[in-house]
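Presented below is the structure to which this report refers.
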Amino acid sequence: MNWILLIIAGLFEVAFAACLGKAKEATGNESTYWYIGFLVCLVISMLLLIKVTQVLPIGTAYAVWTGIGAVGTVLVGIFVFKEPATLWRLFFISTLIISIIGLKVVSH
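The sequence shown begins at 1 in full-length UniProt numbering and counts up by one.
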């Protein structure tokens, strides 16, 4: 269950990064709503991370959380914000995913 919560926390990290990107593009009240979304996602992500680190090792939990956030944010950048999907970007994202899976496998 803690691994599922950690994945959800990582997804909320992706969401708060995406909210920042959308807030940058928005104007007026719309940007305010995106910043509120950022704060809500940030709080949820942090609370879930705090919860899972009570059971999972902090080093593993934090690395997986940031890894999910990094991979997800790059993918959101590619698909939502039309950032380039170069061979090297995809290669290094793939190695990051493999590393996250490896941490899950070797953690107790």
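Glycine included, C-beta positions come from ideal geometry on N, C-alpha and C.
Cβ neighbour criterion (16 or more within 10 Å) applied to residue i
i	result
T73	buried
V64	buried
A85	exposed
K22	buried
I100	buried
F16	buried
V80	exposed
V14	buried
Item to check | Length-filtered (4 minimum) alpha helix (DSSP H) runs lying within the segment 23-103 | outcome: 29-52, 58-79
Checklist entry - Given 8 Å as the limit, is there contact between the segment 22-39 and the segment 53-68, that is, 3 or more CB pairs closer than that? => result no
Next on the checklist: With a threshold of 8 Å, are at least 3 pairs of Cβ atoms found where one atom belongs to the segment 4-18 and the other to the segment 62-81?
Outcome noted: Yes, they touch.
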